[in-house]
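For reference, the structure is listed below as structure tokens.
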Amino acid sequence: MHLSPDHATRFATATLSHLGREYPYKMDLVMAGPEDAKPPRDHHPIFHGSFDWHSCVHGWWQVLRLARRFPDLSVAAAIRARADAMLVPDKVAGELAFLDRPTATGFERPYGWAWLLALHAEAAAHDAPWAAALEPLAAAFAARFHAFLPKLTYPLRVGTHFNIAFALLLARHWAGPRDPALVALIDARAQDWFGGDADCQAWEPGGDEFLSSALTEAHLMAIVRGTRFADWFDAFLPRAAQRTPATLFTPATVSDRSDGKIAHLDGLNLSRAWCWRAIAAALPAGHPVVAEAEASALRHLDAALPHVTGDYMGEHWLASFALLALDGLADREDRS
Numbered sequence: 010m011h012l013s014p015d016h017a018t019r020f021a022t023a024t025l026s027h028l029g030r031e032y033p034y035k036m037d038l039v040m041a042g043p044e045d046a047k048p049p050r051d052h053h054p055i056f057h058g059s060f061d062w063h064s065c066v067h068g069w070w071q072v073l074r075l076a077r078r079f080p081d082l083s084v085a086a087a088i089r090a091r092a093d094a095m096l097v098p099d100k101v102a103g104e105l106a107f108l109d110r111p112t113a114t115g116f117e118r119p120y121g122w123a124w125l126l127a128l129h130a131e132a133a134a135h136d137a138p139w140a141a142a143l144e145p146l147a148a149a150f151a152a153r154f155h156a157f158l159p160k161l162t163y164p165l166r167v168g169t170h171f172n173i174a175f176a177l178l179l180a181r182h183w184a185g186p187r188d189p190a191l192v193a194l195i196d197a198r199a200q201d202w203f204g205g206d207a208d209c210q211a212w213e214p215g216g217d218e219f220l221s222s223a224l225t226e227a228h229l230m231a232i233v234r235g236t237r238f239a240d241w242f243d244a245f246l247p248r249a250a251q252r253t254p255a256t257l258f259t260p261a262t263v264s265d266r267s268d269g270k271i272a273h274l275d276g277l278n279l280s281r282a283w284c285w286r287a288i289a290a291a292l293p294a295g296h297p298v299v300a301e302a303e304a305s306a307l308r309h310l311d312a313a314l315p316h317v318t319g320d321y322m323g324e325h326w327l328a329s330f331a332l333l334a335l336d337g338l339a340d341r342e343d344r345s
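Sequential numbering of the sequence shown, starting at 10, is according to this note's numbering.
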């Protein structure tokens, strides 16, 4: 299944409709006094739509990527015009001012940090001033990764925003051509935390998870270990060729898409599809798990793609994960 112009139009149209939609909005704010009781756009001049800060950030990543992949898309001109108005230095300065608050040290750590870096990497692929405007914000979050990773004693394995493997996948993609020291730090930490993992039981999903703890870890290790990935994977999921643990091969059931937490499970299905595709591409040809991984990716896509739009609790973010599942994070990722 490939990313098509029809997918792109559907995703981008929905996302444009909420990038500037201020309410409802879930603030991540520690109030230091009554002066902080201000509307979202006063705190976040760019990322004040899409229900929350991180969803707005990856919504921007998504529409910029779609406009680049399909420059003749009917909404591509609207995307570029919106970016010209919003991704500008004075608005970035406002976002930086929020980060300078004494209580904002852990703001959006690590999920929002990583998505901002992904947005900057995508902006840099355009012939536009957007990446230059965003560069100070990207530098600020890269510095936070440099400071945080050495003191994170234990990995964050949860299936929600705090998952460290997912954040490092995005951060490493940004750092590759820009920050070799961060690449080295990420690789060292990933090996420290995950290098000895074996016989994963995959007790998932939890009731509100949108990431697979097992598969995001495996995806990260595929990037970090390169040609040495297969041996690690065979120890990590030794019965994967027999579709065990079965939960990793079975799409999650979503009982109520109007419930913002339960709707996370559509995102789990999409992010698993992305991970399974990446794992299949990283394993050597003829490996017994490749066919199962590819089939599982399709099952998860089939379960989730019809529900990317339709209810705002999913619609404000799911298209970004659908784009990952269909097209990957980097242009070089497998699209088979």
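Idealized CB from N, CA, C, for every residue including glycine.
- Label E44 either buried or exposed according to how many other C-beta atoms from any shown protein chain fall within 10 Å of its C-beta, with 16 as the threshold for buried. Numbered from its first residue, the sequence shown carries residue 44 at position 35. Around the beta carbon of E44, a 10 Å sphere encloses fewer than 16 other beta carbons of the protein chains shown; the residue is thus reported as exposed.
- Message: Relative to the C-alpha of L292, which candidate in S267, L246, N278, T22 has its C-alpha closest?
- Response: By one-based count along the sequence shown, residue 292 stands at place 283. That would be L246, whose Cα lies nearest to the Cα of L292.
- Under a Cβ-count criterion, where at least 16 other Cβ atoms within 10 Å of its own Cβ denotes burial, should R234 be classed as buried or exposed? Residue 234 sits at position 225 when you count from the first residue of the sequence shown. By the 16-neighbour rule on beta-carbons within 10 angstroms, R234 is buried.
- Message: What does the alpha-carbon distance come out to for the pair R110 and H296?
- Response: Taking the first residue of the sequence shown as 1, we reach residue 110 at position 101. Taking the first residue of the sequence shown as 1, we reach residue 296 at position 287. Just so you know, the alpha carbons of R110 and H296 end up roughly 50 Å apart.
- Task: Could you tell me if R344 is buried or exposed, where buried requires 16 or more neighbouring beta carbons within 10 angstroms of its beta carbon?
- Result: Position 335 of the sequence shown, counted from the start, is the residue given in the question as residue 344. The predicted model places R344 with a pLDDT of 36, which falls under 50 and marks its position as unreliable, so this point remains unresolved.
- Query: If you pair each beta-carbon of the region 179 to 197 with each one of the region 220 to 228, do three or more pairs fall below 8 Å?
  - Reply: Result no; under three Cβ-Cβ pairs closer than 8 Å.
- Message: Please classify A86 as buried or exposed, where buried requires at least 16 other C-beta atoms within 10 Å of its C-beta.
- Response: Sequence index remark: in the sequence shown, residue 86 carries index 77 (1-based). The residue is exposed, with fewer than 16 neighbouring Cβ atoms inside 10 Å.
- Within the chosen definition, does the region 316 to 329 reach the region 15 to 33 through at least 3 CB pairs nearer than 8 Å? Touching, yes.
- Coil, strand or helix - C65 by DSSP: If you number the sequence shown from 1, residue 65 lands on position 56. Looking at C65 - three-state DSSP - the assignment turns out to be helix.
- Message: Quick check on R248: does DSSP put it in helix, strand or coil?
- Response: Here residue 248 is taken as the residue at index 239 of the sequence shown, counted from 1. Secondary structure of R248 (DSSP, three-state): coil.
- Can you give the beta carbon distance from V66 to W124, rounded, assuming they're within the 8 Å contact cut? As a working mapping, residue 66 is identified with position 57 in the sequence shown. As a working mapping, residue 124 is identified with position 115 in the sequence shown. Cβ-Cβ separation between V66 and W124: approximately 5 Å, consistent with a contact (criterion under 8 Å).
- Query: Skipping 5 residues on each side, what residues in its chain have a beta carbon closer than 7 Å to that of H367?
  - Reply: Absent from the structure is residue 367, since the part of the chain shown begins at 10 and ends at 345.
- Chain-order list of residues whose beta-carbon lies under 6 Å from that of K270 (same chain, five-residue window excluded): Taking the sequence shown and counting its residues from 1, the one referred to as residue 270 is at position 261. Taking C-beta separations shorter than 6 Å and ignoring five residues to either side along the sequence, the partners of K270 in its chain run D217, following chain order.
- Shortest alpha-carbon distance to L143 belongs to which of H155, A152, F157, L128? One-based indexing of the sequence shown puts residue 143 at position 134. For L143, the nearest C-alpha among the options comes from L128.
- Candidates E104, W326, A287, G323, of which the one nearest L307 by Cα: Translated into the one-based positions of the sequence shown, residue 307 becomes position 298. Here the closest residue by C-alpha is A287.
- Report buried or exposed for H228, applying the criterion of at least 16 other Cβ atoms within 10 angstroms of its Cβ. In the sequence shown, residue 228 corresponds to position 219, counting from 1. Buried: at least 16 other Cβ atoms inside 10 Å.
- Mark L105 as exposed unless 16 or more other C-beta atoms lie within 10 angstroms of its C-beta, in which case mark it buried. For this step, residue 105 is matched to residue 96 along the sequence shown. Exposed is the call here.
- F150 (DSSP reduced to helix, strand or coil): Within the sequence shown, residue 150 is the residue found at index 141, counting from 1. Residue state for F150 is assigned as helix, using DSSP reduced to three classes.
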